[in-house]
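Asker: Structure incoming, see below.
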Amino acid sequence: MRVIRALSPVVCVLALVGAAGCSSSDSGTGTPAASVSGTGTVKRLEVTVTGTTVTPAPAQVDLPVGSTLELVVTSDHDDEVHAHGFEQEAQLEAGRPTTLRLTAKDAGLYPVETHDPELTLLTVAVR
2 MRVIRALSPV VCVLALVGAA GCSSSDSGTG TPAASVSGTG TVKRLEVTVT GTTVTPAPAQ
62 VDLPVGSTLE LVVTSDHDDE VHAHGFEQEA QLEAGRPTTL RLTAKDAGLY PVETHDPELT
122 LLTVAVR
């Protein structure tokens with residue numbers, strides 16, 4: 002019985018540490034982290050375009066080779082989004098989310114942009 006009682010606090014601490022390590026948010030902000038970890042994983046990132054404002058602000062997103070970024074773009078106006086290096090384009094319809102699945106193959110820095118107006122939504126850093 003003493004062994005079981007001694008292990009209970011250890012198991013609780015490990016469970017709490019494990020749960021904290023699974024968070025996909027920046028500490029304290031509640032916003033999605035701008036990085037993707039692990040090979041072969043899928044990470045989702047939502048971006049909103051309002052006029053000429055991109056939310057969250059354009060940043061570099063790390064994506065390991067073999068991983069996929071599921072990018073969901075919602076714009077307040079009709080437009081087109083282009084993911085350089087992944088050679089994907091999609092039409093944006095005002096108010097409707099559009100999803101691009103970007104799978105990292107070749108290392109490099111690849112911008113994702115709209116065409117009208119020309120805005121950078123993010124840069125994908127494939128490593």
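Residue 128, in the numbering used here, is where the sequence shown stops; the numbers in between run on with no holes.
Cβ atoms here follow ideal geometry from the backbone N, Cα and C, with glycine treated the same way.
On a predicted model such as this, the values are computed, not experimentally measured, just so you know.
1. Can you tell which of PRO112, LEU64, THR75, THR42 has its C-alpha closest to the C-alpha of GLU94?
2. Can you say whether THR115 is buried or exposed, counting buried as having 16 or more other CB atoms within 10 angstroms of its CB?
3. Less than 6 Å between C-beta atoms, sequence neighbours within five positions excluded: which residues of the same chain meet that for ASP117?
4. What span of residues does the beta strand (DSSP E) with SER76 cover, start to end?
5. Quick one: what does DSSP say GLY109 is sitting in, helix, strand or coil?
6. Which same chain residues, not among the five before or five after VAL125, have their C-beta less than 6 Å away from its C-beta?
7. What span of residues does the beta strand (DSSP E) with ARG102 cover, start to end?
8. By how many angstroms is the C-alpha of VAL127 removed from the C-alpha of LEU103?
9. Can you name the residues that DSSP bridges to HIS85?
10. Nearest to PRO98 by CA position, among PRO59, VAL48, ALA84, GLU88, is which residue?
11. Between the alpha carbons of GLY96 and GLU90, how many angstroms are there, rounded?
12. Confirm, please, whether the CB-CB distance from LYS44 to SER68 is below 8 Å.
Answerer: The structure says:
1. Here residue 94 refers to the residue found at position 93 when the sequence shown is read from its first residue. Measuring from the Cα of GLU94, the nearest candidate turns out to be THR75.
2. Counting from one through the sequence shown, the residue named residue 115 turns up at place 114. Result: buried.
3. If you number the sequence shown from 1, residue 117 lands on position 116. Result list for ASP117: ASP80, in chain order.
4. If you number the sequence shown from 1, residue 76 lands on position 75. Here the beta strand (DSSP E) through SER76 covers 69-76.
5. As a working mapping, residue 109 is identified with position 108 in the sequence shown. In the structure shown, GLY109 sits in a strand (DSSP, three-state: E or B).
6. Against the sequence shown, residue 125 aligns to sequence position 124. So the qualifying residues of the chain are VAL62, LEU64, TYR111.
7. Here residue 102 refers to the residue found at position 101 of the sequence shown. Where ARG102 is concerned, the enclosing beta strand (DSSP E) stretches over 99-104.
8. Your numbering for residue 103 matches position 102 in the sequence shown. Your numbering for residue 127 matches position 126 in the sequence shown. Cα to Cα, the separation comes out at about 11 Å.
9. For the purposes of this step, residue 85 is identified with residue 84 of the sequence shown, where counting begins at 1. Partner(s): none; HIS85 has no beta bridge.
10. In the sequence shown, the residue the question calls residue 98 occupies position 97. For the residues PRO59, VAL48, ALA84, GLU88, the minimum Cα distance to PRO98 belongs to VAL48.
11. Residue 96 sits at position 95 when you count from the first residue of the sequence shown. Residue 90 sits at position 89 when you count from the first residue of the sequence shown. Cα to Cα, the separation comes out at about 18 Å.
12. Position 67 of the sequence shown, counted from the start, is the residue given in the question as residue 68. Position 43 of the sequence shown, counted from the start, is the residue given in the question as residue 44. Cβ distance < 8 Å, so SER68 and LYS44 count as in contact.
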